[in-house]
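Convert by adding 46 to the 1-based position in the sequence shown; the result is the number in the numbering used here.
Note that CB positions come from ideal geometry on N, CA and C, so glycine has one too.
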Amino acid sequence: MRVRELCIKVECFNLKNTLECGQCFRWECIDENKCEYIGVIKDRAIKIRQEGNTLYIISNKEKNLKDVIMDYFDLDEDYAAIEKRISSIDENISSALNNTSGLRLLNQGFFETLISYIISANNNIPRISKSVKEISKRYGEKMVFEGKEYYLFPKAEELKNVTIAEYRECGVGFRDSYIFQTVHDFLNGKINEKDAKELSTFELRKKLLTLKGVGPKVADCILLFSCGRREVFPIDVWVERVMSILYFKMNDGKVKKKDILDYASKNFGKDAGIIQQHLFYNMRGKMM
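Following this line, the structure appears as structure tokens:
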């Protein structure tokens, strides 16, 4: 059966900036010249490329494909208005937008994001991606797309019998026991998908911080990248460095995290999360 290509017109969207800014771990660039990527989201494999203001998508599962793409890439949201609003805050943001415009916050699955960001602690993106891919290959549902095998990220139920040692074999290192405990906490109802949708940001962060392996930065990444809480401002060493240099005029990166959070809350408000991504991605590109 011939696979149909879905075309979606977009505004204020840059596929490369969105997929390479560090918020997700399951995408692979297969053609830089064509800006073409392949990845696994929700319940399907996706190949997507951008030409101008048009996205071209094919998938192993065509049902509701447009809805899945619109939701995942937050395409119903007016990011042109957001960028106009945040560009007026200060010159640092305006300057960053010159290089990072079109970056959108993804709506990723809650359980996958929870486990992925536990793996991310004191880790780097290639290793995180490799571990997430290995867990998916061992315990997730297999699909065949364009002659290759891909795997969904497993549901909590599919991980209920996985041992700490087996997680370690997936390359997660010391995080093996954290993942094991969090999976069982999820299965036992300590936290769930309903919480992610219904609790306030304060209450949801509080719950996340009770999970093994979830500290403030990991909790805020989960809130921002899978729960739509755009007011949160995750702080890692990169963001600390960016804020220290740009806003506190200190090059040693020793500004207190509380001072950074207070500044972001006061000056960035409801857009703090997306501003964080623009500042982080722009500065990382200059420093690497």
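Rounded Cβ spacing between residue i and residue j (contact assumed at less than 8 Å)
i: F199; j: S223; result: Actually they do not touch by this definition, with Cβ atoms about 20 Å apart.
i: S147; j: N60; result: 6 Å
i: T64; j: L152; result: 7 Å
i: C75; j: R95; result: Contact flag wrong, Cβ pair sits at about 10 Å.
i: V56; j: K88; result: That belief does not hold up - the Cβ atoms of V56 and K88 are roughly 19 Å apart, past 8 Å.
i: I132; j: L101; result: Not a contact, Cβ separation roughly 24 Å.
Cβ pair residue i, residue j closer than 8 Å
i: L52; j: L111; result: yes
i: I306; j: I139; result: no
i: E204; j: G186; result: yes
i: V86; j: Y163; result: no
i: G319; j: V283; result: no
i: F157; j: A202; result: yes
i: L143; j: E129; result: yes
i: I237; j: L255; result: no
i: Q323; j: L160; result: no
i: R221; j: I165; result: yes
i: R276; j: K303; result: no
i: A91; j: N79; result: no
i: F294; j: V285; result: no
For residue j and residue i, the rounded distance between their alpha carbons
i: K263; j: I135; result: 24 Å
i: F71; j: K312; result: 31 Å
i: Q154; j: A242; result: 12 Å
i: K325; j: N168; result: A quick correction: the sequence has Leu, not Lys, at residue 325. Each residue's alpha carbon lies about 21 Å from the other.
i: N170; j: F226; result: 21 Å
i: I103; j: K179; result: 22 Å
i: R50; j: C67; result: 29 Å
i: E192; j: D77; result: 16 Å
i: V288; j: N99; result: 31 Å
i: I84; j: W73; result: 6 Å
i: E249; j: D308; result: 19 Å
i: F314; j: Y118; result: 24 Å
i: E137; j: E195; result: 46 Å
Status (buried if at least 16 other CB within 10 Å, exposed otherwise) for residue i
i: T228; result: buried
i: I232; result: Here the sequence assigns Phe to residue 232, which means Ile is not the residue at that position. F232 is buried by the Cβ-count criterion.
i: G261; result: exposed
i: V190; result: exposed
i: M47; result: Caution applies to M47, whose pLDDT of 48 falls short of 50 and renders its modelled position unreliable; the value that the coordinates give is listed next. Result: exposed.
i: A211; result: exposed
i: N207; result: exposed
i: N297; result: exposed
Proximity test, residue i beta-carbon vs the ligand HEM heavy atom, cut-off 7 Å
i: E180; result: With respect to the ligand HEM, the structure offers nothing, as it holds no ligand at all.
8 Å Cβ cutoff, residue i in contact with chain C
i: S182; result: Given the protein chain composition of this structure (a single chain), no chain C is represented.
Open item on the list: With three or more beta-carbon pairs closer than 8 Å as the criterion, would you say the region 173-188 touches the region 249-268?
Closed with: no
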